[in-house]
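Scroll down for the structure; my scribbles are underneath it.
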Amino acid sequence: MTPEQLSTAIVGALTDLVDSGALTLPDAVPASVVVERPKSKEHGDYATNVALQLAKKAGLPPRDLAGLLADRLRATEGIAAVDIAGPGFLNITVEAAAQGALAAQIVEAGAAYGGSDLMAGEKVNLEFVSANPTGPIHLGGTRWAAVGDALGRIFEASGADVTREYYFNDHGAQIDRFSTSLLASAKGEPTPEDGYGGAYIADIAQQVMQTEPRVLDLPDDEAQEVFRSVGVNLMFDEIKQKLHEFGVDFDVYFHENNLHESGAVKRAVERLTDLGNTYEKDGALWLSTEQFGDDKDRVIIKSDGKGAYLSGDLAYYLDKRERGFDRCLIMLGADHHGYVGRMMAMCAAFGDKPGENLEILIGQMVNLLSDGQPLRMSKRAGTVVRHDDLVDAIGVDASRYALARYTSDTTIDIDLDLWAKQTNDNPVFYVQYAHARLASILRNAADLGLSAARGDAFDPSLLSHEKEGDLLRALAEFPRVVAAAAQLREPHRVARYLEDTASSFHKFYDACRVLPMGDEEPAPIHAARLLLVEATKTVIANGLHLLGVSAPERM
RNA sequence: GCCCUCGUAGCUCAGCUGGAUAGAGCGUCGGACUUCUAAUCCGGUGGUCGCAGGUUCGAGUCCUGCCGGGGGCGCCA
Numbered sequence: 009m010t011p012e013q014l015s016t017a018i019v020g021a022l023t024d025l026v027d028s029g030a031l032t033l034p035d036a037v038p039a040s041v042v043v044e045r046p047k048s049k050e051h052g053d054y055a056t057n058v059a060l061q062l063a064k065k066a067g068l069p070p071r072d073l074a075g076l077l078a079d080r081l082r083a084t085e086g087i088a089a090v091d092i093a094g095p096g097f098l099n100i101t102v103e104a105a106a107q108g109a110l111a112a113q114i115v116e117a118g119a120a121y122g123g124s125d126l127m128a129g130e131k132v133n134l135e136f137v138s139a140n141p142t143g144p145i146h147l148g149g150t151r152w153a154a155v156g157d158a159l160g161r162i163f164e165a166s167g168a169d170v171t172r173e174y175y176f177n178d179h180g181a182q183i184d185r186f187s188t189s190l191l192a193s194a195k196g197e198p199t200p201e202d203g204y205g206g207a208y209i210a211d212i213a214q215q216v217m218q219t220e221p222r223v224l225d226l227p228d229d230e231a232q233e234v235f236r237s238v239g240v241n242l243m244f245d246e247i248k249q250k251l252h253e254f255g256v257d258f259d260v261y262f263h264e265n266n267l268h269e270s271g272a273v274k275r276a277v278e279r280l281t282d283l284g285n286t287y288e289k290d291g292a293l294w295l296s297t298e299q300f301g302d303d304k305d306r307v308i309i310k311s312d313g314k315g316a317y318l319s320g321d322l323a324y325y326l327d328k329r330e331r332g333f334d335r336c337l338i339m340l341g342a343d344h345h346g347y348v349g350r351m352m353a354m355c356a357a358f359g360d361k362p363g364e365n366l367e368i369l370i371g372q373m374v375n376l377l378s379d380g381q382p383l384r385m386s387k388r389a390g391t392v393v394r395h396d397d398l399v400d401a402i403g404v405d406a407s408r409y410a411l412a413r414y415t416s417d418t419t420i421d422i423d424l425d426l427w428a429k430q431t432n433d434n435p436v437f438y439v440q441y442a443h444a445r446l447a448s449i450l451r452n453a454a455d456l457g458l459s460a461a462r463g464d465a466f467d468p469s470l471l472s473h474e475k476e477g478d479l480l481r482a483l484a485e486f487p488r489v490v491a492a493a494a495q496l497r498e499p500h501r502v503a504r505y506l507e508d509t510a511s512s513f514h515k516f517y518d519a520c521r522v523l524p525m526g527d528e529e530p531a532p533i534h535a536a537r538l539l540l541v542e543a544t545k546t547v548i549a550n551g552l553h554l555l556g557v558s559a560p561e562r563m
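So the first sequence is residues 9 to 563, counted in this note's numbering.
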């Protein structure tokens, strides 16, 4: 009996009460009710507050309504006990057999367990990282690489059609500064004003000259164009490669330049003008975003005739919508949150629904600590913490897990010393160790010629130990956790859940012997526990997969 | 000045979108390995949930105002 089934049973009990005239509700019976796992064991396996929620509407004291429901629920198969507690909570205890049956269902479902059709039919575009090809990926981009990709996996598990997209900023002044910096470096000149410094500029410049040995014989403007095109491609290849090694691959790399060259910007501007949402002032073209909630109106075509930065975003958004995406999610660093207002206003100006057709997620900053000290945060020296600073120090699995473990809207400090440790201080190892331990039990079982109970040979009522019940209830939570992670766009819930589940498993392992000891004859309890082990391994593997973290068979 | 975000145990953070006595991990103190991985488990320790009001049966959670940290407020990209 899962929480979902229990919820259905409670709705059924409410419906029966209404049908029999014992209960009168002004509105329809709710489609589902909240079933939660109580913090205290004294409050049963599951608890619901429906009686408190509906008491006023029903015109009954909460405890009386709870009493009516309790009588109905006690007659329900699989429910062992129902208690009324406090102001009107229903505390429900589930029969071991009804609970244990889940182990077989999980093993049966395999990799599909935890998924749903919650987002079936939704075509979702996830835009993240989108780091400028003017330098190596920064840590902010890495955070979204981990979180955005995990979110994509969670959406896919929820039935959505997901496209991962990278907006490639290869247009405008930043690229010009990049190319002049490369040219200057190649000629042995100092970094120009507003240019990019750093060792990677010299590296790229050298690589360009290897590809195009005679580039410096060209006039400066032509040489700069060579450095621009070749340099950007080299930088972009490196970024792609780094992300690939990080386990993140995009379906679409969208070039901003295309929007300007294809006339998409022009078309987007015309569309907004047709809708009456633009006007001319001071020689520039403005988008009236203020009427849609922005702080003020924004220039989209500058008085020199060039598109303002926002014009690319307009065209890009329109392009995504024309490609059939109902939901466009954009993940930005906190340093760009000032964009949210105008982007949402832009969405509304197109006649779309902000928050529905367009969602913007903001990720706060990430700091790295080593020996308790922040890693190179000197803005003055122009050194920024980069993707490699994290991944080279602690590896891909720990990096992805560490970044996906926290809500995106809080600033995080990643202690490199902690995450590099191979001890239980380190959450990713704690979870991965549980998986390896599970795998080990199954290997040992195979060596003994034992296999998990299947079909009628499985007696779920044997899984009646307290720790077995705790573990089963943890496993039963997984679909709800994945659904919440999808709906709230919060992958960290999966990581926290895995830590809880790993803990439940370790406690089970400590209390319940799975395999026969010594000369002991194999018994049904061993086969039943082996099935529980398989189910647990399935859940932890599925959860780690959603985060893009490996599930090792051995450690 | 305005906007966004955060403030929960000594430290790092959860808190299921309003529920019961606020939870983990680390740290600290003390226990548990002849048998499935001790990278584990068990117990003790630890709190004015930034502050003050409000909403209601009930607030860490919602509203308002302060305080404090971080970020952002260009016809830059």
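C-beta atoms are modelled at their ideal positions from N, C-alpha and C, and glycine is treated no differently.
Is DSSP giving A389 helix, strand or coil here? The predicted position of A389 is uncertain, since its pLDDT is 45 and thus under 50; a value taken from the coordinates is nonetheless stated next. When DSSP states are grouped into helix, strand and coil, A389 belongs to the coil group.
How is Y441 classed by DSSP in three states: helix, strand or coil? Look at Y441 here: in three-state DSSP terms it is helix.
Residues near L337 in its chain [Cβ-Cβ closer than 6 Å; skip 5 each side]: Cβ neighbours of L337 beyond the five flanking positions: L134 and E367.
Mind checking G107: buried by the 16 CB within 10 Å criterion, or exposed? The question names Gly, yet the displayed sequence has Gln at residue 107. Its Cβ being crowded by 16 or more others within 10 Å, Q107 is buried.
May I have the straight-line CA-CA distance separating E220 from Q182, to the nearest angstrom? About 23 Å.
Helix, strand or coil for F333? Go by DSSP, reduced to three states. Residue state, collapsed to three classes: coil.
DSSP puts V260 in a beta bridge; with which residues? In DSSP, V260 forms a bridge with E173.
Is the closest heavy atom of the ligand ADP to the C-beta of L33 under 7 Å? The model on display carries no ligand, and the ligand ADP is accordingly not part of it.
Where DSSP assigns a beta bridge to L293, which residues make up the other side? Paired residues: E288 and I309.
Quick check on DSSP: helix, strand or coil for K65? Look at K65 here: in three-state DSSP terms it is helix.
Report the CB separation of A460 from A535 in whole angstroms; it is logged as a contact under 8 Å. Between A535 and A460 the Cβ distance is about 6 Å, and since that is below 8 Å, they are a contact.
If I measure Cβ to Cβ from R350 and keep anything under 7 Å in the same chain, skipping five residues before and after, which residues do I get? T297, D302, R306 and L318.
4-residue-minimum alpha helix (DSSP H) runs that sit fully inside the stretch 145-211, ordered along the chain: Complete alpha helix (DSSP H) runs here, min 4: 147-165 and 181-194.
Just reading off the beta strand (DSSP E) that K131 is part of, what are its end residues? Per DSSP, K131 belongs to the beta strand (DSSP E) from K131 to E135.
Let's see if you can read the secondary structure: which residues bound the beta strand (DSSP E) around G7? Because the chain here runs from 9 to 563, residue 7 falls outside it and cannot be looked at.
For E246, which residues of its own chain have a beta-carbon under 8 Å away from its beta-carbon, when the five flanking residues on both sides are left out? Once the five neighbours on either side are set aside, the close Cβ partners of E246 are P144.
Residues in the same chain with beta-carbon distance under 6 Å from D157, minus the five sequence neighbours each way, listed in chain order, please. For D157, same chain residues with a beta-carbon under 6 Å away, outside a window of 5 residues either side, are V256 and G556 in chain order.
Just to check my reading of the structure: L110 and L480 have Cβ atoms closer than 8 Å, yes? What is that Cβ distance to the nearest angstrom? Separation of the CB atoms of L110 and L480 is rounded to 6 Å, and the pair is thereby assigned contact status at 8 Å.
Mark H500 as exposed unless 16 or more other C-beta atoms lie within 10 angstroms of its C-beta, in which case mark it buried. It counts as buried.
Could you name each continuous beta strand (DSSP E) segment of 3 residues or more that falls completely within the stretch 52-129, going from the start of the chain to the end? Secondary structure within the stretch 52-129: the beta strand (DSSP E) runs of 3 or more consecutive residues, fully enclosed, are 54-56, 87-93 and 97-102 (chain order).
At the level of alpha carbons, what is the spacing between V489 and I114? About 15 Å.
In whole angstroms, what is the alpha-carbon distance linking L576 and A410? Outside the displayed span of the chain (9 to 563) sits residue 576, for which this structure offers no information.
Assuming contact is defined by CB atoms lying nearer than 8 Å, are L426 and D417 in contact in what I supplied? The Cβ atoms of L426 and D417 lie no closer than 8 Å to each other.
CA-CA distance, Q495 and R504? Their backbone Cα atoms lie some 16 Å apart in a straight line.
Identify the continuous beta strand (DSSP E) that holds D423 and give its terminal residues. Where D423 is concerned, the enclosing beta strand (DSSP E) stretches over I420 to D423.
Start-to-end residues for the beta strand (DSSP E) that takes in V374: Unbroken beta strand (DSSP E) run through V374: V374 to S378.
If I follow the unbroken alpha helix (DSSP H) through V404, where does it start and stop? Per DSSP, V404 belongs to the alpha helix (DSSP H) from H395 to A412.
Would you report the Cα separation of R161 and L554, rounded to the nearest angstrom? Linking R161 to L554 through their CA atoms gives a straight-line distance of about 5 Å.
Top-ranked residue by Cα proximity to Q215, from P227, G206, A194 and H252: Taking only the C-alpha atoms, the option nearest Q215 is A194.
The alpha helix (DSSP H) that contains S2, what's its start and end? In the structure as shown, the chain starts at 9 and stops at 563, and residue 2 therefore has no counterpart that could be examined.
Quick one: residues in its chain with C-beta nearer than 7 Å to the C-beta of K328, no 5 flanking neighbours on either side, listed in chain order? Exclusion of the five residues before and after K328 leaves N133 and C336 as the residues of its chain whose Cβ lies within less than 7 Å of its Cβ.
Going along the chain, which residues of its own chain have a beta-carbon closer than 7 Å to the beta-carbon of V37, five neighbours each way excluded? Closer than 7 Å at Cβ, skipping near neighbours: V19, L22, T23 and V26.
I'd like to check one pair, L81 with A154: are the Cβ atoms closer than 8 Å? In terms of Cβ geometry, A154 and L81 do not form a close pair [threshold 8 Å].
Put V19 into one of helix, strand or coil per three-state DSSP. Shown here, V19 sits in a helix according to DSSP, grouped into three states.
Supposed close pair L147, V393 - CB separation, criterion 8 Å: Right, their Cβ atoms sit about 5 Å apart.
DSSP three-state assignment for G6, whether helix, strand or coil: Because the chain in this structure spans residues 9 to 563, residue 6 falls outside the shown range and cannot be described.
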